[in-house]
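Numbering of the sequence shown is given in our numbering, commencing with residue 34 and proceeding in unit increments. Virtual Cβ for every residue (Gly too), placed ideally from N, Cα, C. All figures in this text were calculated on a predicted structure; none of them were measured in a lab. Okay, structure first, notes after.
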Amino acid sequence: MKSMKTSKMNNSVCMLSTGHGPLDDRIYYKEVHSLRKKYSSIYMIMPDGKDDFPQDNEQIKFIPLRKVNSLLSRFLIIPQALIKLLKLKPTVCHFHDFELIFTLPFIRLFSSIKIIYDIHEVYPEMAYDSQKIPKLLRPLMEKLVDISERFFARFAHYLITADENIAERFKSPGYRVEIVYNYPRLQLFAPKEDQILQLKQKYYGKIPIIYSGTMSINKGIYQMVRAMVLIKKYHDNILLILAGPMDEQMRAKVKQIMRELQLENNVQILGKVPHHEIVNYISIAKVGLIAYLPIPKYHKNIPIKQFEYMSCGIPVLGANLPPIASYIQKANCGRTFDSTKEEELAKGVRMILDDRNGWKRTSESGKKAVLAWWNWDKMEPKLFSVYDQLLN
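Listed below in structure tokens is the structure:
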């Protein structure tokens, strides 16, 4: 027990990001909440979100960077982030963004900080799928991102990846890799009974289904909205709840589709919902949607929302892509569909809603699977193991 106390006193951890907010689900609600059990000083150097950050915990200190609103602005704050990090001199720097890999040689040269690179995404595929890069340049950008990430990642002392497909890229000698899946922390993702009651009253007479998460074209936002026309023919009280960030251009487009298809009473745009509240919206829904389109990135990355849906006890209707279908099939917690076809999405929703016995069975099955296998309590020891190896 004495060694645990000594460790808490002598070692500090800095979470560093140029692209994530201080209340990011994986960084704050999972990793930081776990690491605070072992380390007394945890710093978070991230773009300004001070107003959102809890002020009642002296153990976790937020050091703001300038606000960012584009990929370019993320690169522009790298010098500011690097200066703050080197001035702070934590024992461990745990960073979370691709663009920060270019600072690793400098950190290694000018400090003794142990470096963990936490890789959330398959960045080469993200470059290839990016709508912001001209189509002709995407294959070149994909290659450049792949080569640069593999090279600079060698300067990190340890790599943490969010799934096995990312880890596969770093199997060759020279990398130390641990897979820490982005499963939900069930203790912090628990519905509140009084809020559940309020939402049930709010949506009384409706059949709510939900998509939770960031909205984008590649995540099937327009297909989900248009599919409501087909579902409405059989369930005129259907309501699609869109809970997550959506840019103004996309919001305007969605509202235009709603007007043209007369879906004003069948689609609700909530926008960004706080982490502690989204669980309540999911819990009152009848189906959780994952309508990702079959682009390369989504053939590899595992969406966390399917586990959040399961933990709340609702069936999952997910795109027939390997990282989604494999979990749905293993847990027997819903159905898959061809996400390129709106009629298949509509058919999937109807089949889940119309099979009441099946709805109850798949709901219970998904919840049991998350409780047994796919939760953060299973990942926390793996996170601790990485830190123990670096510090001992």
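Spatial distance of E211 from I146 (CA atoms): 19 angstroms
Any idea if P307 is buried or exposed, counting beta-carbon neighbours within 10 angstroms, 16 or more meaning buried? exposed
Looking at chain B, is there any beta carbon in it that lies within less than 9 angstroms of the beta carbon of L350? Checking the listed chains, one finds no chain B in this structure; it contains a single protein chain.
Contact belief for Q339 with Y360 at Cβ below 8 angstroms, rounded distance in angstroms: 6 angstroms
According to DSSP, is G381 helix, strand or coil? In the three-state DSSP reduction, G381 falls in the helix class (H, G or I).
Using a Cβ-Cβ cutoff of less than 6 angstroms, which residues in the same chain neighbour R171 once the five nearest sequence positions on both sides are dropped? Y161
According to DSSP, is Y360 part of a helix, a strand, or is it coil? helix
Determine the contact status of L219 and D410, defining contact as a CB-CB distance below 9 angstroms. yes
For N425, count the other beta carbons within 10 Å of its own beta carbon; 16 or more makes it buried, fewer makes it exposed. Which is it? By the neighbour-count rule (16 or more Cβ atoms within 10 Å), N425 is not buried but exposed.
How many angstroms separate the CA atom of D179 from the CA atom of Y216? Between D179 and Y216, the C-alpha separation is close to 26 angstroms.
May I ask you to report which of helix, strand or coil DSSP gives K38? Reliability fails at K38, whose pLDDT of 44 lies under 50, so the model's placement of it is uncertain and no value is given.
Go through the stretch 66-135 residue by residue and report every complete run of the beta strand (DSSP E) that reaches 3 residues or more, in order. With a minimum length of 3 residues, the continuous beta strand (DSSP E) runs that stay inside the stretch 66-135 are 74-80, 93-98 and 125-128.
Would you say the beta carbon of L230 comes nearer than 8 angstroms to a heavy atom of the ligand SAM? Ligands in the displayed structure: none, and consequently the ligand SAM is not present.
Excluding the 5 residues flanking P278 on each side, which residues of the same chain have their C-beta closer than 8 angstroms to its C-beta? T247, M248, G304 and K305
Enumerate in chain order the residues of its own chain whose CB-to-CB distance from E197 is below 7 angstroms, with the five nearest sequence positions on each side excluded. Cβ neighbours of E197 beyond the five flanking positions: I212.
Is it a yes or a no for the stretch 362-369 touching the stretch 394-403, going by three-plus beta-carbon pairs under 8 angstroms? yes
Beta-carbon gap between M262 and L232 smaller than 9 angstroms: Per the sequence shown, residue 262 should be read as Val rather than Met. Their beta carbons are not under 9 angstroms apart, which means V262 does not touch L232 by this criterion.
Going by other Cβ atoms of all chains shown within 10 Å of its Cβ, with 16 needed for buried, is Q256 buried or exposed? buried
Residues in the same chain with beta-carbon distance under 8 angstroms from N174, minus the five sequence neighbours each way, listed in chain order, please. As written in the sequence, residue 174 is Met, which differs from the Asn given in the question. So the qualifying residues of the chain are A160, Y161, S163 and I166.
Starting from the Cα of R187, find the closest Cα among P414, K176, R209 and T194 and give me that residue. R209
Continuous alpha helix (DSSP H) stretch holding V419: start and end: Boundaries of the alpha helix (DSSP H) harbouring V419: W409 to L424, taken from the DSSP string.
Whole angstroms are fine: how far does the CA of D388 sit from the CA of S103? 45 angstroms
So what's L272 in DSSP terms, helix, strand or just coil? strand
Could you name each continuous beta strand (DSSP E) segment of 3 residues or more that falls completely within the stretch 284-349, going from the start of the chain to the end? 300-304 and 320-323
Spell out the partners DSSP gives D151 in its beta bridges. Paired residues: I193.
Are P224 and C126 close, meaning C-beta to C-beta below 9 angstroms? no
For P55, the three-state DSSP class (helix, strand or coil): coil
State whether the stretch 47-54 contacts the stretch 124-138, with contact taken as three or more CB pairs (one from each stretch) at a distance under 8 angstroms. Inter-segment contact for the stretch 47-54 and the stretch 124-138 is present: three or more beta-carbon pairs are separated by less than 8 angstroms.
Sorted by chain position, which residues of the same chain lie with C-beta nearer than 6 angstroms to M37's C-beta, five sequence neighbours on each side aside? Its pLDDT being 45, under 50, M37 is placed unreliably by the model, and nothing is read from it.
Considering only DSSP beta bridges, list what E211 is partnered with. I193
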